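According to our numbering, the sequence shown is numbered sequentially starting from 746.
Single-structure report; data block below.
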Amino acid sequence: MFAAQAIDHHDKSELYSELATQLSALLEGERDPIANAANLSALIHEMVPDLNWAGFYFLQSPDELVLGPFQGKVACVRIAVGKGVCGAAVAERRTMLVPDVHEFPGHIACDAASRSELVVPLIRNDVVFGVLDLDSPLPGRFDADDQAGFERLAAILVEASDPIRR
Ligand code: SME
Numbered sequence: 746m747f748a749a750q751a752i753d754h755h756d757k758s759e760l761y762s763e764l765a766t767q768l769s770a771l772l773e774g775e776r777d778p779i780a781n782a783a784n785l786s787a788l789i790h791e792m793v794p795d796l797n798w799a800g801f802y803f804l805q806s807p808d809e810l811v812l813g814p815f816q817g818k819v820a821c822v823r824i825a826v827g828k829g830v831c832g833a834a835v836a837e838r839r840t841m842l843v844p845d846v847h848e849f850p851g852h853i854a855c856d857a858a859s860r861s862e863l864v865v866p867l868i869r870n871d872v873v874f875g876v877l878d879l880d881s882p883l884p885g886r887f888d889a890d891d892q893a894g895f896e897r898l899a900a901i902l903v904e905a906s907d908p909i910r911r
């Protein structure tokens with residue numbers, strides 16, 4: 746049985762490197778994309794401090810994201826591409842690091858407690874098919890190390906999982 750191992754949170758590069766190792770072990774032998782996304786949200790929720798939401802949205806059509814597995818409060822189900830931080834990450838095909846969500850035009854507040862956000866697009870064969878979304882109640886919670894760390898976790902997930910069937 747897999748059990749997440751405690752990590753020293755003070756060293757971010759150590760944290761994400763250890764998380765990447767644990768994620769690879771967690772996903773070994775399983776290619777179901779929803780199961781793997783669910784377990785990655787649980788791993789993040791358990792191991793990464795100061796988050797109030799961690800989870801996924803997947804494209805169900807070229808212009809709409811639909812809620813996937815997550816940990817946190819109930820969330821908005823559908824987000825149009827180009828809307829909010831998640832929709833912007835898809836439209837711009839890049840990670841969105843938002844230090845203060847109140848300053849982001851069009852931010853979609855699923856949980857009023859959220860103050861900063863990091864959204865990583867999920868890309869397979871050059872095509873965006875979803876996003877990994879992290880929210881924090883702390884302003885300025887995410888920096889370039891967090892971005893690099895979560896981009897690495899997202900890449901491991903994509904590599905370890907089959908494409909989502911619609
Ligand atoms: N804040 C996001 C919406 C998703 S929730 O944070 C879970 C956005 O602006 O796209």
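Glycine residues also receive a C-beta, built at the ideal position from the N, C-alpha and C atoms.
A quick note: this is a predicted structure, and the numbers were derived from the prediction, not measured.
- Item | Where A749 falls: helix, strand or coil (DSSP) | As a working note, residue 749 is residue 4 in the sequence shown. Note: A749 maps to coil in three-state DSSP.
- For the segment 808-822 and the segment 841-849, state whether three or more C-beta atom pairs, one from each stretch, are separated by less than 8 angstroms. As far as the Cβ criterion goes, the segment 808-822 does not touch the segment 841-849, which means the pair count is below three.
- Going straight from the alpha carbon of V830 to that of V872, what length do you get? Sequence index remark: in the sequence shown, residue 830 carries index 85 (1-based). Sequence index remark: in the sequence shown, residue 872 carries index 127 (1-based). Each residue's Cα considered, the two are about 18 angstroms apart.
- Query: Start and end of the alpha helix (DSSP H) containing F874?
  - Reply: One-based indexing of the sequence shown puts residue 874 at position 129. From DSSP, F874 is part of no alpha helix (DSSP H) but of the beta strand (DSSP E) over 872-881.
- Task: Taking only heavy atoms of ligand 1 into account, decide whether any of them is closer than 6 angstroms to the Cβ of H852.
- Result: As a first step, residue 852 must be located in the sequence shown, where it is residue number 107. Result yes, Cβ under 6 angstroms from ligand 1.
- Can you check whether the CB of T840 is closer than 7 angstroms to the CB of V822? Here residue 822 refers to the residue found at position 77 when the sequence shown is read from its first residue. Here residue 840 refers to the residue found at position 95 when the sequence shown is read from its first residue. Cβ distance not < 7 angstroms, so V822 and T840 don't count as in contact.
- Bridge-paired residues (DSSP) for V830: Mapped onto the sequence shown, residue 830 falls at position 85. Partner(s): none; V830 has no beta bridge.
- For the candidate residues L785, E837, G851, whose alpha-carbon lies nearest to that of K828? Within the sequence shown, the letter at position 83 stands for residue 828. Looking at the Cα atoms, G851 is the closest of the given residues.
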